[in-house]
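Chemist:
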Amino acid sequence: MILTLWMTLQVAAGPSSAPLPKPLTDQHIRDIGCVATLGLLADDQRRGIAASRRFPDVTARGRKYAGIVGDRVVFETGQPVAVIGLAIRRAVEERQRLAVAASDQGKDPTDILGGLMADCLPLLNAVIPEQPPAVPGEQTGNVTANPPEPAQ
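So for the sequence shown, our numbering puts the first residue at 2; every next one is plus one.
#1: Whole-angstrom Cβ separation of V93 and L41, contact assumed at under 8 Å?
#2: If we count the other Cβ atoms within 10 Å of its Cβ and call it buried at 16 or more, is D32 buried or exposed?
#3: Check the C-beta distance from V36 over to A67 and give it rounded, since I have them as a contact under 8 Å.
#4: Apart from the five residues on each side of it in sequence, which residues of its chain come closer than 6 Å, Cβ to Cβ, to Q80?
#5: CB-CB under 7 Å to T26, same chain, minus the five flanking residues each way: which ones, in chain order?
#6: For I128 and T78, what's the separation of their Cα atoms in angstroms?
#7: Among G71, Q106, A100, R48, which one has its Cα closest to the Cα of L117?
#8: Within the same chain, show all residues whose beta-carbon is closer than 8 Å to that of I113, passing over the 5 residues directly before and after it, in chain order.
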């Protein structure tokens, strides 16, 4: 009885129509690495680490870039979000290991970040261009950057 029910359900379900996930390409791996690099830099910038100031502020743009890249990789590969998140965490861990190894060898770990940013900053700028700082009182669309105080 149970075997018959199971077989009936299998036949009714038919073959799985969901496509199999695709492996990550070299471009996906590169972009995931840049998400990790930008995330580490943004964390240093939020914490006020002096060496991070030699780079443009990536806190907001890096967050947007991570979302865009993550969504694109999930869409293009069919991999679950959790798998892509794991790939990003592994890339972060690898970059942290590189920095520790550089420090252990008496080298400046920020040189590692500088080398990685040389590859990642152009990618970030291509996807989310850096915006010039708003001028106080300048019109930005329908809202001013610093609206005048209301009259009393």
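We put the CB at the ideal spot given by N, CA and C, even for glycine.
Modeler: According to the structure shown:
#1: Rounded, the Cβ-Cβ distance is 6 Å, consistent with contact.
#2: Residue environment analysis places D32 among the buried positions, since at least 16 neighbouring C-beta atoms fall within 10 angstroms of its C-beta.
#3: With a beta-carbon spacing of about 5 Å, V36 and A67 fall inside the 8 Å limit used to define contacts.
#4: Same-chain partners within the cutoff: P22.
#5: Counting only residues of its own chain and dropping the five nearest sequence neighbours on each side, T26 has no CB closer than 7 Å to any other CB.
#6: For clarity, residue 128 is Val in the given sequence; the question names Ile instead. In a straight line, the C-alpha of V128 is about 20 Å away from that of T78.
#7: Comparing Cα positions, the closest option is A100.
#8: Excluding residues within five positions, the ones whose Cβ falls inside 8 Å are R96, L99, A100, A103.
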